[in-house]
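Undergrad: Heads up: the protein sequence lines correspond to chains A and E, in order.
Under this note's numbering, read the first sequence as residues 1 to 258, first letter to last.
Under this note's numbering, read the second sequence as residues 1001 to 1337, first letter to last.
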Amino acid sequence: MAAALLEAKGISKYFGAITALRDVNFHVAPGEVLGVVGDNGAGKSTLMKILSGLFVPSEGELVFNGAPVKFGSPKDAQRLGIEMVYQDFALAGNMPIYENIYLGREPGTKFGPLTIVDHKRARQMASDHLDRLHIHVKSVDQNTEDLSGGQRQAVAIARATAFDAKLVIMDEPTAALAIKEVGKVLDLVRSLKQHGVAVIIISHRMDDIFYCCDRVMALYQGTNFAEADLPKTSRNEVIGWIMGTKGHTTSLAHDNMH
Amino acid sequence: MSDTPATKTGFSLRGPGMSKFLEVYGIVLVVVVMMAVLAAIKPEVFLSAQNLTNILKQNASLALLALGMYVVIVTAGIDLSVGSVMGLAMVALAMASKAGVPWPLVLLIGPAIGLAVGWVNGIGLTVLKLPHPFIMTLGTLNVARGLTYLISNGAPISGLQPEVRYIGQAYFGFGLPPPAGLPASLILVAVCAVGLWFFLEKTNMGRHIFAIGGNPHAARVSGINVDRTLVVVYMISGFMAGLSGLLLAGRTDSGFPNAGIGIELDAIAAVIIGGASFFGGRGTVLGVLAGVLIMGILRNGLNINNVSAFWQQILIGLVIIIAVYIDVLRRRAAVRR
Chain A
1 MAAALLEAKG ISKYFGAITA LRDVNFHVAP GEVLGVVGDN GAGKSTLMKI LSGLFVPSEG
61 ELVFNGAPVK FGSPKDAQRL GIEMVYQDFA LAGNMPIYEN IYLGREPGTK FGPLTIVDHK
121 RARQMASDHL DRLHIHVKSV DQNTEDLSGG QRQAVAIARA TAFDAKLVIM DEPTAALAIK
181 EVGKVLDLVR SLKQHGVAVI IISHRMDDIF YCCDRVMALY QGTNFAEADL PKTSRNEVIG
241 WIMGTKGHTT SLAHDNMH
Chain E
1001 MSDTPATKTG FSLRGPGMSK FLEVYGIVLV VVVMMAVLAA IKPEVFLSAQ NLTNILKQNA
1061 SLALLALGMY VVIVTAGIDL SVGSVMGLAM VALAMASKAG VPWPLVLLIG PAIGLAVGWV
1121 NGIGLTVLKL PHPFIMTLGT LNVARGLTYL ISNGAPISGL QPEVRYIGQA YFGFGLPPPA
1181 GLPASLILVA VCAVGLWFFL EKTNMGRHIF AIGGNPHAAR VSGINVDRTL VVVYMISGFM
1241 AGLSGLLLAG RTDSGFPNAG IGIELDAIAA VIIGGASFFG GRGTVLGVLA GVLIMGILRN
1301 GLNINNVSAF WQQILIGLVI IIAVYIDVLR RRAAVRR
């Protein structure tokens, strides 16, 4: 195992009487693509929200590049290069592509609390960045509401990687896409990997996991359930993990539950 | 990239270029057409310097209110309190002026009251988490109006210091005969409009206001402090309302406790006629000014043609409906494109 970029040790998270996560351990290395699977309510989203600074864990610690870190807000995580791509893309449809990419981090000249935005530079930066990622759009001035689902996902990924991202967390990156666009987005994930960016993909789709992940880990009822390097497992085994069964590699887990 | 932004900026009369042009300037064309029609019907009255100056002076207060309302509507909010804030500002500064408070301080009273009420509106929305700005500003609409009656005992106050009246009354003749000239109030509106345009288009906070109107969730996860931005938005609206109170007090040389009752609806109408979306995230400062002028010219045109005030209200109502319907059609066409 390469040195971990981000590591979570003994993470627990309680919401009142409900335990969302219990003693979860986790690590991801630079340039590694990790798939996280689990049934609804298994704790995937809670874990990702802890990693991206939206939630504070009740117990346990996060270690980034060997040093313990605490995130009070998503800004803290972003400062270390940890970015989240949301399932609904979280784009402002009424605004052009380039403004969405730099939303909240506009280039320009600071005057006290205000920044005079340099729109020309933002356009140029956006178009260069999209070129680097091999994302093609008609114009960076297009409003994102005029884009297809795949193009929106691409813009969301471009935003996540606009500022030297080290780790990109993607929540169901293909769930809202037309089938022909899924491949393009997954290829984008691979190209992030080639740039040395670590990627975490939460997905229900085995095709996504087996197309671009190096390793897959399963959560079950808020705990670590199983994990394996991709070549050492199979679709059916992973589906079994999601259902909370181990060792069924040839038949679906629920077939053996009677 | 096959189609670089550089080739996009070249203006083209075909396809999207033309429709974009119409989207931005179509509303200005409406104003020009209205003026042309009125000029054709009653050239000697409508085009007189006095009448044109009058239109501008009468609508300056509404223009300020509409500019403030526009910022709120961009966030998909609404500010019902602006009419009351205008009344409260007007009465408070008139009383202060009468009481002999130095005029530079009197000038600050209106905007200060506006900022204070705007802050309260913003806090109610973001800290008390009242479900919709309609409710919070409906509350402050009543509170501010009640305060206005309370401090004035319901009686108008007249006779202000000349310096306080200046911005509402002065105009620059440039050596032309008296009815002609540029009202100082128009200059104030122009300065506010340009300032607001710059703030909304060129500063990060202005862009964040549009982002909040487009998708509040996106704004929040982009690290924008949505609550703080919303408080600023309602303070801008309050500030403009206070300023319009100062303008109206100067023009009428009085503080009138009933001033501005229902004018918040005119301000909303002007913003909507000007092409801003009630659902947030869309609109232009130019459109808002055009919306104010469309309402002002319509009223003026009906007045000089001796149409009853009752018909005027009916027509304004129809114009609101038609303006929004045109917007619906345009958006549908844009989706098909």
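Cβ atoms here follow ideal geometry from the backbone N, Cα and C, with glycine treated the same way.
Note that the coordinates shown come from a computational prediction; the quantities given were computed from them, not determined experimentally.
#1: Using 8 angstroms as the Cβ pair cut-off and three pairs as the minimum, do the region 1126-1137 of chain E and the region 1194-1214 of chain E touch?
#2: Can you tell me the Cα-Cα spacing of A218/A and L167/A, whole angstroms?
#3: Can you give me, in chain order, the residues of the region 113-124 of chain A that have a beta carbon less than 7 angstroms from any beta carbon in chain D?
#4: Count the other CB atoms, across all protein chains shown, that sit within 10 Å of the CB of N1306/E; report buried if there are 16 or more and exposed otherwise.
#5: Going along chain A, which residues have a C-beta under 9 angstroms from I1209/E?
#6: Whose C-alpha, out of P173/A, E106/A, T46/A and I179/A, is nearest the C-alpha of L188/A?
#7: Could you tell me whether the Cβ of V1189/E comes closer than 8 angstroms to any Cβ of chain A?
#8: Note down, in chain order, every chain E residue with its Cβ under 7 angstroms from the Cβ of P96/A.
#9: How big is the Cα-Cα spacing for L54/A and A90/A?
#10: Compare the Cα-Cα distances from K1098/E to each of L1125/E, P1156/E and L1247/E and report the closest residue.
#11: Beta-carbon separation of V1191/E and V1106/E under 8 angstroms?
#12: According to a CB-to-CB cut-off of less than 7 angstroms, which residues of the region 1267-1300 of chain E neighbour chain A?
#13: Count the other CB atoms within 10 Å of the CB of D1266/E; is the residue buried (16 or more) or exposed (fewer)?
#14: From the DSSP secondary-structure annotation, give me the bridge partner or partners of F111/A.
#15: Report buried or exposed for H134/A, applying the criterion of at least 16 other Cβ atoms within 10 angstroms of its Cβ.
#16: Around the Cβ of H27/A, are there at least 16 other Cβ atoms within 10 angstroms (buried) or fewer (exposed)?
#17: Measuring straight from C-alpha to C-alpha, what distance separates M125/A and A1218/E?
#18: Determine the extent of the alpha helix (DSSP H) in which K1057/E is found, giving its start and end residues.
#19: Is the CB-CB distance between N25/A and N224/A below 8 angstroms?
#20: Flag this pair as touching only if the region 58-66 of chain A and the region 10-23 of chain A have three or more C-beta atom pairs under 8 angstroms; answer yes or no.
#21: Whose CA, out of R1332/E, I1297/E, F1256/E and I1321/E, lies closest to the CA of V1031/E?
#22: Hey, how far is the Cα of S127/A from the Cα of K1042/E?
#23: Examine chain A for any beta-carbon lying closer than 8 angstroms to the beta-carbon of G1118/E, and answer yes or no.
#24: Buried or exposed: T1004/E, going by 16 or more other Cβ atoms within 10 Å of its Cβ?
#25: CA-CA distance, A1049/E and R132/A?
#26: Do M1235/E and G1124/E have their beta-carbon atoms positioned less than 8 angstroms apart in this structure?
#27: Please check the pair I202/A and M95/A, which I expect to be a contact at CB under 8 angstroms, by giving their CB distance rounded to whole angstroms.
#28: Contact criterion: CB-CB distance below 8 angstroms. Does V1221/E meet it with respect to chain A?
#29: In the DSSP assignment, the alpha helix (DSSP H) including S1097/E goes from what residue to what residue?
#30: Let me know if H119/A comes out buried or exposed under the rule of 16 or more other beta-carbons within 10 Å of its beta-carbon.
#31: Just the C-alpha distance for F1239/E and A156/A, rounded to the nearest angstrom, thanks.
#32: One question on the structure: do I1109/E and A1096/E come within less than 8 angstroms of each other, judged by their Cβ atoms?
#33: Considering only the alpha carbon of each residue, which of K70/A, G66/A, G16/A and A122/A lies closest to K1202/E?
#34: Could you work out which residue in E237/A, L186/A, K246/A and E83/A is closest to I312/A when comparing CA atoms only?
#35: When Cβ atoms are compared, which residues of the region 49-76 of chain A fall closer than 7 angstroms to chain E?
#36: For L1182/E, which residues does DSSP report across the bridge?
TA: Well, looking at it:
#1: no
#2: Taking the first sequence and counting its residues from 1, one reaches residue 218/A at position 218. Taking the first sequence and counting its residues from 1, one reaches residue 167/A at position 167. Spanning the two alpha carbons is a distance of roughly 19 angstroms.
#3: The structure shown contains no chain D; its protein chains are A and E.
#4: In the second sequence, residue 1306/E corresponds to position 306, counting from 1. With fewer than 16 Cβ atoms within 10 Å of its Cβ, N1306/E is classed as exposed.
#5: Here residue 1209/E is taken as the residue at index 209 of the second sequence, counted from 1. Within chain A, no residue comes near I1209/E; the closest Cβ sits about 11 angstroms away, beyond 9 angstroms.
#6: Locating residue 188/A in the first sequence gives position 188, where the first residue counts as 1. Checked all of P173/A, E106/A, T46/A and I179/A; the closest Cα to L188/A is P173/A.
#7: By one-based count along the second sequence, residue 1189/E stands at place 189. Not an interface residue.
#8: As a working note, residue 96/A is residue 96 in the first sequence. What P96/A touches in chain E: nothing, since even the nearest Cβ is about 10 angstroms away.
#9: Here the question's residue 54/A lines up with position 54 in the first sequence. Here the question's residue 90/A lines up with position 90 in the first sequence. Rounded to whole angstroms, L54/A to A90/A spans 15 angstroms at the Cα level.
#10: Position 98 of the second sequence, counted from the start, is the residue given in the question as residue 1098/E. It is P1156/E whose Cα lies nearest to the Cα of K1098/E.
#11: What you label residue 1191/E is simply residue 191 of the second sequence in a count that begins at 1. What you label residue 1106/E is simply residue 106 of the second sequence in a count that begins at 1. Cβ atoms of V1191/E and V1106/E: not closer than 8 angstroms.
#12: G1281 and R1282
#13: In the second sequence, counting from the first residue as 1, residue 1266/E sits at position 266. The residue in question, D1266/E, is buried, as its Cβ has 16 or more Cβ neighbours within 10 Å.
#14: The count along the first sequence starts at 1 and reaches residue 111/A at position 111. Note: F111/A sits in a beta bridge opposite L114/A.
#15: For the purposes of this step, residue 134/A is taken as residue 134 along the first sequence, with counting starting at 1. Under this definition H134/A is an exposed residue.
#16: Residue numbering aside, residue 27/A sits at position 27 when the first sequence is read from its first letter. It is buried - the Cβ of H27/A has at least 16 other Cβ atoms within 10 Å.
#17: If you number the first sequence from 1, residue 125/A lands on position 125. If you number the second sequence from 1, residue 1218/E lands on position 218. Roughly 21 angstroms separates the two Cα atoms.
#18: Indexing the second sequence from 1 puts residue 1057/E at position 57. Taken as a continuous stretch (DSSP letters only), the alpha helix (DSSP H) holding K1057/E covers A1049 to V1074.
#19: Locating residue 25/A in the first sequence gives position 25, where the first residue counts as 1. Locating residue 224/A in the first sequence gives position 224, where the first residue counts as 1. Result yes, Cβ atoms of N25/A and N224/A sit closer than 8 angstroms.
#20: yes
#21: On the second sequence, position 31 is the one that residue 1031/E refers to. The option with the nearest alpha carbon to V1031/E is I1297/E.
#22: Translated into positions along the first sequence, residue 127/A becomes position 127. Translated into positions along the second sequence, residue 1042/E becomes position 42. For S127/A and K1042/E, the distance between alpha carbons rounds to 54 angstroms.
#23: Indexing the second sequence from 1 puts residue 1118/E at position 118. It does not; no Cβ of chain A falls within 8 angstroms.
#24: Locating residue 1004/E in the second sequence gives position 4, counting from the first residue. A caution first: T1004/E carries a pLDDT of 39, below 50, which makes its placement in the model unreliable, though a value can still be read off. With fewer than 16 Cβ atoms within 10 Å of its Cβ, T1004/E is classed as exposed.
#25: Counting from one through the second sequence, the residue named residue 1049/E turns up at place 49. Counting from one through the first sequence, the residue named residue 132/A turns up at place 132. Cα to Cα, the separation comes out at about 59 angstroms.
#26: Within the second sequence, residue 1124/E is the residue found at index 124, counting from 1. Within the second sequence, residue 1235/E is the residue found at index 235, counting from 1. No, they are not a contact pair.
#27: Locating residue 202/A in the first sequence gives position 202, where the first residue counts as 1. Locating residue 95/A in the first sequence gives position 95, where the first residue counts as 1. With a Cβ gap of about 27 angstroms, I202/A and M95/A do not count as contacting.
#28: Counting from one through the second sequence, the residue named residue 1221/E turns up at place 221. At least one chain A Cβ lies under 8 angstroms of V1221/E.
#29: Indexing the second sequence from 1 puts residue 1097/E at position 97. That run of the alpha helix (DSSP H) goes V1082 to K1098.
#30: Position 119 of the first sequence, counting from 1, holds the residue named residue 119/A. So H119/A ends up on the buried side.
#31: Taking the second sequence and counting its residues from 1, the one referred to as residue 1239/E is at position 239. Taking the first sequence and counting its residues from 1, the one referred to as residue 156/A is at position 156. F1239/E and A156/A: Cα-Cα distance of roughly 37 angstroms.
#32: By one-based count along the second sequence, residue 1109/E stands at place 109. By one-based count along the second sequence, residue 1096/E stands at place 96. Yes, the pair counts as a contact, with Cβ atoms nearer than the cut-off.
#33: Taking the first residue of the second sequence as 1, we reach residue 1202/E at position 202. Per the Cα distances, A122/A.
#34: Since the first residue shown for chain A is 1 and the last is 258, residue 312/A is missing from the structure and cannot be characterised.
#35: P74 and K75
#36: Working through the second sequence from its first residue, we reach residue 1182/E at position 182. Its beta-bridge partners are F1172/E.
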